[in-house]
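Mapped onto this note's numbering, the consecutive letters of the sequence shown carry residue numbers 96 to 350.
Built from N, CA and C at the ideal position, the CB exists for glycine as well.
Values in this document were obtained by computation on a predicted structure and should not be read as measured data.
Everything below concerns the one structure shown next.
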Amino acid sequence: MSAFDLYARRQPGFEDRLKSTVTQLHDAALRHAGRIVQATSLGAEDMVITDLIARHRLGIAVATLDTGKLHAQTLELMQRLEQHYAPHGLTLARFAPEPQEARIFVQRHGEDAMFQSIALRKACCQVRKMEPLSRLLAGRSAWVTGLRREQSDGRAQVLSEEDDGQGRTKFNPLAQWTWSDVWHYIQANGVPYNPLHDAFFPSIGCQPCTRAIGVGEPFRAGRWWWEDEAAKECGLHVKPAAAPSMALPEKETAA
Ligand code: SF4
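In structure tokens, the structure reads:
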């Protein structure tokens with residue numbers, strides 16, 4: 096059974112939500128011309144946004160984080176995305192961790208550090224996600240994400256436009272979309288997607304930290320599944336004032 100069979104439904108109000116999203120992206124691109132980027136996780140929502148950017152030639156840059164811990168299917172999707180949208184002139188910029196920082200982290204804590212403690216898991220996210228994200232966003236005044244209110248309790252209040260707490264505007268143009276909307280759009284428009292979505296991975300992150308979910312489990316239950324629900328953000332979408340400490344454990348800061 097594919098993700099289309101499981102999720103794709105044309106729900107009431109879909110056309111209005113789509114129209115509103117396209118209008119918002121057009122306005123965002125105009126207001127932040129040359130200084131706006133989509134930070135794509137390559138998840139289903141982000142693939143919808145990339146498709147809209149390409150289809151409407153919006154002039155919004157598209158970039159992703161290659162953490163060095165991604166599934167083979169996600170790496171393969173990067174190539175398919177580039178091939179699919181090359182005729183639209185769209186390219187995918189990749190931001191990886193600093194090789195030396197990643198190497199030192201693994202030497203000190205091992206490949207499975209994320210399972211040892213929440214502090215080490217967040218330290219890994221700092222090295223592999225947060226630092227590369229700071230370079231991805233450098234020089235930008237705005238960014239676009241695929242956050243939706245449905246995704247988790249922690250995202251239930253997500254606004255379609257907000258201040259990211261670091262002087263940039265963050266646009267979440269799918270904030271009000273349903274999971275059925277996302278898959279209806281993907282199916283109707285032939286959008287490339289990660290085959291892990293066909294295997295009960297609704298939310299896809301790094302390979303060690305993502306598992307399939309079971310029937311009835313919450314949308315993000317497969318992310319950092321060994322942690323309490325409250326800790327389940329990597330920091331990418333947490334405003335600095337509210338963010339838990341991202342400081343590296345003592346051993347990391349000493350060198
Ligand atoms: S999601 Fe897991 S592997 Fe990826 S950066 Fe965070 S802790 Fe490391």
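Opposing strand residues paired with residue i [DSSP bridges]
i, result
"R189", "T159"
"I199", "I199 is not bridged to any residue."
"D258", "T264"
"Q133", "V157, V239"
"C301", "L165"
"R318", "T305"
Supposed close pair residue i, residue j - CB separation, criterion 8 Å
i, j, result
"T162", "R189", "Not really, about 10 Å apart at Cβ, beyond 8 Å."
"E193", "E226", "7 Å"
"D248", "S97", "Going by Cβ atoms, the distance from D248 to S97 rounds to 28 Å, so no, they are not a contact pair."
Same chain, Cβ closer than 6 Å to residue i, five either side skipped, listed in chain order
i, result
"I308", "F295, A316, G317"
"A149", "Y180, H183, L185"
"E256", "F266"
"Q119", "P268"
"I281", "Y288"
"D141", "T135, G241"
"P297", "F314"
"Q195", "none"
"A103", "W278, H279, Q282"
"A156", "V132"
"R175", "P287"
Under 8 Å between C-beta atoms of residue i and residue j
i, j, result
"H183", "R152", "yes"
"W272", "F99", "no"
"V322", "I213", "According to the sequence shown, residue 322 is Glu rather than Val. Yes. Within cutoff."
"R244", "R235", "no"
"L331", "K224", "yes"
"L187", "H204", "no"
"L232", "R263", "yes"
"L165", "V117", "no"
"V253", "V143", "no"
"M173", "P303", "no"
"A123", "G154", "no"
"Q246", "F314", "yes"
Own chain residues within Cβ distance below 8 Å of residue i, not counting five before or after
i, result
"Q106", "T273, S275, D276, H279"
"V310", "none"
"D207", "P303"
"N284", "D146, R150"
Contact set for residue i: own chain, Cβ-Cβ below 7 Å, skip 5 residues either direction
i, result
"T169", "L137, N289, I299"
"A337", "Bear in mind that a pLDDT of 43 at A337, under 50, signals an unreliable position, so the number given afterwards is only what the model happens to contain. If we look at A337 and ignore the five residues flanking it on each side, it has no Cβ neighbours."
"C301", "T162, K164, L165"
"W320", "R306"
"A191", "D161, G163, P227"
"A270", "L242, R243, R244, V253, L254, S255"
"L101", "none"
"L291", "H166, Q168, I299"
Any 3 or more C-beta pairs closer than 8 Å across the stretch 127-144 and the stretch 219-239: Output reads yes: the stretch 219-239 touches the stretch 127-144.
If contact is defined by three or more beta carbon pairs under 8 Å, each pair taking one atom from either stretch, is the stretch 261-276 in contact with the stretch 105-115? yes
Specify whether the stretch 211-227 and the stretch 191-202 touch according to this definition: at least 3 beta carbon pairs, one from each stretch, less than 8 Å apart. yes
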